[in-house]
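Read top to bottom, the protein sequences are chains A and B. For the first sequence, our numbering gives the first residue as 5, with consecutive numbering after it. For the second sequence, our numbering gives the first residue as 5, with consecutive numbering after it. Built from N, CA and C at the ideal position, the CB exists for glycine as well. If you're wondering where the values come from, they're calculated on a predicted model, not measured in any experiment.
2 protein chains.
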Amino acid sequence: MENSRCENCIIRQFNSLRAMSREELKKVSDSKTTKRLKKGEPLFEEGDKLNGVYCVRDGVSKLSKLSANGKDQIVKLATKGEVIGQRSVIAEESANLSAVAVSDMEVCFIPKESINTTLQSNPNFTLEVLRHMAHDLKEADDVIVNMSQKTVKQRVAEAFLYLKNNFGEDEDGYLILTLSREDISNVVGTATESAIRIISDFKKKGLIHTSGKKIGIRDQKKLQELVDGF
Amino acid sequence: MENSRCENCIIRQFNSLRAMSREELKKVSDSKTTKRLKKGEPLFEEGDKLNGVYCVRDGVSKLSKLSANGKDQIVKLATKGEVIGQRSVIAEESANLSAVAVSDMEVCFIPKESINTTLQSNPNFTLEVLRHMAHDLKEADDVIVNMSQKTVKQRVAEAFLYLKNNFGEDEDGYLILTLSREDISNVVGTATESAIRIISDFKKKGLIHTSGKKIGIRDQKKLQELVDGF
DNA sequence: TTCAGAAGATGACAAATGTCATAGTACGCC
DNA sequence: GGCGTACTATGACATTTGTCATCTTCTGAA
């Protein structure tokens, strides 16, 4: 699949690239390169100048920002079909987030020239990108409210439900996307020990079950009630 | 100024409307209406269907979201030149935030038809809106990191510096935008009592000075050091 | 001008969360 | 198969933050 054409890429249906014309897609296809990343490898770091965007074909990347106290805050998890780095390319700024693979990944790198040309000539494409960004912005606002108004326990519960809804569970009932305890704490915005304690607590109460780092949801209803504040 | 034309509006220079053509601006000008709001009056509420966007000509509006625990989280303060409600209009969703005046305001209401038509036909305009939204998204990401990684004290200090940098101070050295203690706590995401305590503390330490609800910055350097973590 | 209600301030205490120390456990590598 | 390193887990304690009660101060309307 290494040399497959964008025109035939199914992933494309899920992002703004679907608004490109056939000719535009051909150009993108000719200029794109494919890249494989192993779990833990960075796509780019905060502050890097991005010469294009990355379209995720497989795997998951965490987008995070280092704070003054030395902790990483994970702002978003990007998965199959999502485009990473558009914000920086559009604003012509260096990346404000780091992107690191949390599972093995396959991504397409699309040089910014292809993107910029299309942005200036194809209003449908621009509008499509705009709609996506509007959606991201709403999600970001929701995260702000959660961060400031919910307890750590509620946020951990919410994170598990999010992981289930967005990445699913395997045949044994474990979340498919397995994050380290540290990553979980960085999503939730808390100390690793606090996250671990809450996980232990949830386990005791029968809300979840674990096997190694794998976590499975046992009582979705109660978790949801917890998130909503009983 | 009630019936002034968008073509001559200076405010426009600061937002995406500057990318509109003369003809497009004329249409907008013909369909727009002007509205005055007194401090405390709502522009719209969370969940409202917006039939257009609001361009702020004067005054400041808080954009906030009610959380399950009954507290309002202020996500953004919009001032002269900013456009409110674009996200909802673009995504064709009802508003996810409430907008309430925190000072007397004058705004122009622009029906969404004018916006949508231009979005579909003028790539420069769409791109300009996109750039603005990219900027907003970056700011939102920064807020997420601040909320989760900084202490309440740091966030209060940061809020004061933000108020000074964005709204300025009067001849007596007080912040021009005066927020109630409750609004401050809703910006920072904390209990009102906590915000008040920290304000008292800052005053004792000579970082700020107050007169009624007015607050002035006395030691910007130390406040900044506090924000950066000493 | 006065008075009522709102906003601000502060103490006392409870609850949530972070930090540090330490121990157990898993997993890749040779 | 063993070993070292990194991850997970838990206790003890400090710190931060929230909650409730109470008091004071401001402000706007009659």
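Taking one C-beta from the stretch 130-144 of chain B and one from the stretch 130-137 of chain A each time, how about it: are there three or more such pairs within less than 8 Å?
The stretch 130-144 of chain B vs the stretch 130-137 of chain A: in contact.
According to DSSP, is A/S102 helix, strand or coil?
In the first sequence, residue 102 of chain A corresponds to position 98, counting from 1. Three-state DSSP puts A/S102 in a strand.
Using the rule of at least 16 other Cβ atoms within 10 Å of the residue's Cβ for burial, across every protein chain shown, is B/E27 buried or exposed?
For the purposes of this step, residue 27 of chain B is taken as the residue at position 23 of the second sequence. By the 10 Å Cβ count, B/E27 comes out exposed.
What is the DSSP secondary structure of B/K31, reduced to helix, strand or coil?
Residue numbering aside, residue 31 of chain B sits at position 27 when the second sequence is read from its first letter. DSSP, read as helix, strand or coil, puts B/K31 in helix.
Is any beta-carbon of chain B found at less than 8 Å from that of A/L141?
As a first step, residue 141 of chain A is located in the first sequence; it is residue number 137 there, counting from the start. It does: the Cβ of A/L141 has a partner Cβ on chain B nearer than 8 Å.
Taking the alpha-carbon positions, what's the A/K154 to B/E197 distance?
Within the first sequence, residue 154 of chain A is the residue found at index 150, counting from 1. Within the second sequence, residue 197 of chain B is the residue found at index 193, counting from 1. For the pair A/K154 and B/E197, the Cα-to-Cα distance works out to about 18 Å.
Spell out the partners DSSP gives B/D223 in its beta bridges.
Residue 223 of chain B sits at position 219 when you count from the first residue of the second sequence. Looking at the DSSP assignment, B/D223 forms no beta bridge with any residue, so it has no partner.
Selected residue, minimal CA-CA separation from B/D140, among B/I14, B/N19, B/I15 and B/C13
Walking along the second sequence from the start, residue 140 of chain B turns up at place 136. Considering only alpha carbons, the answer is B/N19.
With a CB to CB cut of under 7 Å and the five nearest residues on each side skipped, what residues in its chain are close to B/G177?
As a working note, residue 177 of chain B is residue 173 in the second sequence. Once the five neighbours on either side are set aside, the close Cβ partners of B/G177 are G220.
Rounded to the nearest angstrom, what separates B/V87 and A/K116 at their Cα positions?
Position 83 of the second sequence holds residue 87 of chain B. Position 112 of the first sequence holds residue 116 of chain A. Each residue's Cα considered, the two are about 28 Å apart.
Taking buried to mean at least 16 other C-beta atoms within 10 Å of its own C-beta, is B/A105 buried or exposed?
Taking the second sequence and counting its residues from 1, the one referred to as residue 105 of chain B is at position 101. Buried, since its Cβ has 16 or more Cβ neighbours within 10 Å.
How big is the Cα-Cα spacing for B/L181 and B/K84?
Numbered from its first residue, the second sequence carries residue 181 of chain B at position 177. Numbered from its first residue, the second sequence carries residue 84 of chain B at position 80. Between the C-alpha atoms of B/L181 and B/K84 there is a straight-line separation of about 12 Å.
Label A/N170 either buried or exposed according to how many other C-beta atoms from any shown protein chain fall within 10 Å of its C-beta, with 16 as the threshold for buried.
Here residue 170 of chain A is taken as the residue at index 166 of the first sequence, counted from 1. The residue in question, A/N170, is exposed, as its Cβ has fewer than 16 Cβ neighbours within 10 Å.
Name, please, each residue of chain B whose Cβ falls closer than 7 Å to the Cβ of A/S152.
On the first sequence, position 148 is the one that residue 152 of chain A refers to. Q77, M151 and G193, listed in chain order.
Here's a check: name, in chain order, each residue in its chain whose Cβ is nearer than 6 Å to the Cβ of A/D108, leaving out the five neighbours to either side.
Walking along the first sequence from the start, residue 108 of chain A turns up at place 104. Cβ within range, chain order: K42, K43 and G63.
Enumerate in chain order the residues of its own chain whose CB-to-CB distance from A/F206 is below 6 Å, with the five nearest sequence positions on each side excluded.
Reading the first sequence from its first residue, position 202 is the one you call residue 206 of chain A. Counting only residues of its own chain and dropping the five nearest sequence neighbours on each side, A/F206 has a CB closer than 6 Å to the CB of I212.
How many Å lie between A/A23 and B/K157 at the Cα?
The sequence position of residue 23 of chain A within the first sequence is 19, counting from 1. The sequence position of residue 157 of chain B within the second sequence is 153, counting from 1. One alpha carbon belongs to A/A23, the other to B/K157, and they sit about 46 Å apart.
Let's test the definition: count the other Cβ atoms within 10 Å of the Cβ of B/G172 and tell me whether it reaches 16, buried, or not, exposed.
Taking the first residue of the second sequence as position 1, residue 172 of chain B is located at position 168. The C-beta of B/G172 has fewer than 16 other C-beta atoms within 10 Å across all chains shown, which makes the residue exposed.
Would you identify the three-state DSSP class for B/T194, choosing helix, strand or coil?
Locating residue 194 of chain B in the second sequence gives position 190, where the first residue counts as 1. Judged by DSSP in its simplified three-state form, B/T194 adopts coil rather than helix or strand.
Please name the residue, chosen from B/N100, B/L81 and B/I94, that lies closest to B/E49 on a Cα-to-Cα basis.
Mapped onto the second sequence, residue 49 of chain B falls at position 45. Taking B/E49 as reference, the option from B/N100, B/L81 and B/I94 with the minimal CA-CA separation is B/N100.
Neighbourhood of B/F129 by C-beta distance below 7 Å, restricted to the same chain and skipping five residues each side
Here residue 129 of chain B corresponds to residue number 125 of the second sequence, with the count starting at 1. The answer, listed in chain order, is S20, A23, M24, T122 and L123.
Alpha carbons only, please: which of A/K53, A/G51, A/R61 and A/E45 is nearest the one belonging to A/K36?
The count along the first sequence starts at 1 and reaches residue 36 of chain A at position 32. Comparing Cα-Cα distances from A/K36 to each of A/K53, A/G51, A/R61 and A/E45, the minimum goes to A/R61.
Quick check on B/F164: buried or exposed, where buried means 16 or more other Cβ atoms within 10 Å of its Cβ?
Within the second sequence, numbered from 1, the residue matching residue 164 of chain B stands at position 160. With 16 or more other Cβ atoms within 10 Å, it is buried.
What's the call for B/D174, buried or exposed, on a 16-neighbour Cβ count within 10 Å?
Residue mapping note: residue 174 of chain B aligns to position 170 of the second sequence, counting from 1. Classification of B/D174: exposed, given that the 10 Å Cβ count is below 16.
To the nearest angstrom, report how far apart B/I203 and B/L179 are at their CA atoms.
Working through the second sequence from its first residue, we reach residue 203 of chain B at position 199. Working through the second sequence from its first residue, we reach residue 179 of chain B at position 175. Whole-angstrom Cα-Cα distance: 14 Å.
Extract the residue ranges of the beta strand (DSSP E) inside the stretch 48-119 of chain A, only unbroken runs of 3 or more that lie entirely within it.
With a minimum length of 3 residues, the continuous beta strand (DSSP E) runs that stay inside the stretch 48-119 of chain A are 56-62, 65-70, 76-82, 102-105 and 109-115.
Taking the alpha carbon of B/D52 as the point to measure from, which residue in B/K208, B/G89 and B/C112 has its own alpha carbon closest?
In the second sequence, counting from the first residue as 1, residue 52 of chain B sits at position 48. Per the Cα distances, B/G89.
Taking only beta-carbon positions, decide if A/E91 is within less than 8 Å of chain B.
Position 87 of the first sequence, counting from 1, holds the residue named residue 91 of chain A. Checking the displayed sequence, the identity of residue 91 of chain A turns out to be Arg instead of Glu. Taking a beta-carbon distance threshold of 8 Å, A/R91 counts as an interface residue toward chain B.
Enumerate in chain order the residues of its own chain whose CB-to-CB distance from A/S189 is below 6 Å, with the five nearest sequence positions on each side excluded.
Counting from one through the first sequence, the residue named residue 189 of chain A turns up at place 185. By the criterion of a C-beta distance shorter than 6 Å, A/S189 is surrounded in its chain by T196 and A199, once the five residues flanking it on both sides are discounted.
Taking its Cβ as the centre, do 16 or more other Cβ atoms sit within 10 Å of B/A144, making it buried, or is it exposed?
On the second sequence, position 140 is the one that residue 144 of chain B refers to. By the beta-carbon neighbour count (other beta carbons within 10 angstroms, threshold 16), B/A144 is buried.
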